[in-house]
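Just remember that the working numbering sits 165 ahead of the position in the sequence shown, which is counted from 1.
All C-beta atoms in this analysis are idealised placements derived from N, C-alpha and C, irrespective of residue type, glycine included.
None of these values were measured; they are calculated from a predicted model.
One structure is given below, encoded as structure tokens.
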Amino acid sequence: MKKVLFLIALVLGLFYFTIKPSLSAPYIIPNAPILNPGGSGNGAASNCVWTKVGDTKGDPDLSKCQAGSDFPSINGLTFPPNIQAHPTKKGYYSLPKSPTGAYKSYTCSGRSWGSMELIGVINTTAERWKAKYPNGWINVGDLNATGHKSHKWGRAVDIDATTNGKDWVADFTKGNYNREATIELGKLLADANMVRSIWYNDPRVNSAVLEYAKSTGKSAGMVMHEIVGHNNHFHLDIEIPLLTVWEPGC
Ligand SMILES: [Zn+2]
Numbered sequence: 166m167k168k169v170l171f172l173i174a175l176v177l178g179l180f181y182f183t184i185k186p187s188l189s190a191p192y193i194i195p196n197a198p199i200l201n202p203g204g205s206g207n208g209a210a211s212n213c214v215w216t217k218v219g220d221t222k223g224d225p226d227l228s229k230c231q232a233g234s235d236f237p238s239i240n241g242l243t244f245p246p247n248i249q250a251h252p253t254k255k256g257y258y259s260l261p262k263s264p265t266g267a268y269k270s271y272t273c274s275g276r277s278w279g280s281m282e283l284i285g286v287i288n289t290t291a292e293r294w295k296a297k298y299p300n301g302w303i304n305v306g307d308l309n310a311t312g313h314k315s316h317k318w319g320r321a322v323d324i325d326a327t328t329n330g331k332d333w334v335a336d337f338t339k340g341n342y343n344r345e346a347t348i349e350l351g352k353l354l355a356d357a358n359m360v361r362s363i364w365y366n367d368p369r370v371n372s373a374v375l376e377y378a379k380s381t382g383k384s385a386g387m388v389m390h391e392i393v394g395h396n397n398h399f400h401l402d403i404e405i406p407l408l409t410v411w412e413p414g415c
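Here it is as structure tokens:
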């Protein structure tokens, strides 16, 4: 009898300690600790893990780790909900669909990865744009991607915008160009106080935005270049430590 009980205990023990955990463990460890700016924005890694697969029963409480309104702020930036750490590319995060429609991506998901700061600058600028122009939005092109000179360190993105779905902002190639709003977009980007450079070929826009940056002290060291191929979008670089070189395709 003792033997039988022992065997039952053994089987239950084996189930509990070996099989059950694999049934109830819905998480894989992506080896991609998120930046936890908690309070200081110092980029210290936390132990939060965002990648989730399979059965979600018995999820640990990740509420403090998840993006959204309570997501920790970096330099006053706001973040879209559900930004996700890349499973292997340390420091890279996906730009998710904007729940408010403040920005729309016109590239593929494979080219929508950047630093957390870049995601924050895009989201923050787009939300401020939307607040100013409720019928407008920002168009977001490639973040890290092949086929560019500098879209490879997590800090670059191509953008344009509209105030109403009818005009073009940061694009003077299609008619109905809105220069005033283009200057406004440059100022909103400067407000993020993290802009390193913007490449765009309207010198009147460039001088107005640079003057604003200098006078406000926000992104005060930023530069604006005219450069071939930049008639129809702002190329934006933000000032952050460079991430690992990565030029993904779609
Ligand atoms: Zn670019």
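Under three-state DSSP, which class holds residue 387? coil
Could you check whether the region 405-414 touches the region 334-350, counting it as contact only if at least three pairs of C-beta atoms, one from each stretch, sit closer than 8 Å? no
Where does residue 289 land, buried or exposed, given buried means 16+ other C-beta within 10 angstroms? buried
Run the CB neighbour count on residue 382, radius 10 Å, all protein chains shown included, and call it buried at 16 or more, exposed below. exposed
Contact check, residue 379 vs residue 373, beta carbons under 8 Å: no
Where residue 338 sits in the DSSP three-state scheme: coil
Work out the CA separation of residue 406 and residue 256 for me, nearest whole Å. 10 Å
Is residue 365 buried or exposed, if buried means 16 or more other CB atoms sit within 10 Å of its CB? buried
Going by Cα to Cα distance, which pick from 352, 326, 296, 240 is closest to residue 285? 240
Can you name the start and end residues of the beta strand (DSSP E) that residue 288 belongs to? Unbroken run through residue 288 is the alpha helix (DSSP H), 281-297; no beta strand (DSSP E).
If we count the other Cβ atoms within 10 Å of its Cβ and call it buried at 16 or more, is residue 234 buried or exposed? With a pLDDT of 37 at residue 234, under the threshold of 50, the modelled position of this residue cannot be trusted; read the value that follows with caution. Exposed, because fewer than 16 other Cβ atoms sit within 10 Å of the Cβ of residue 234.
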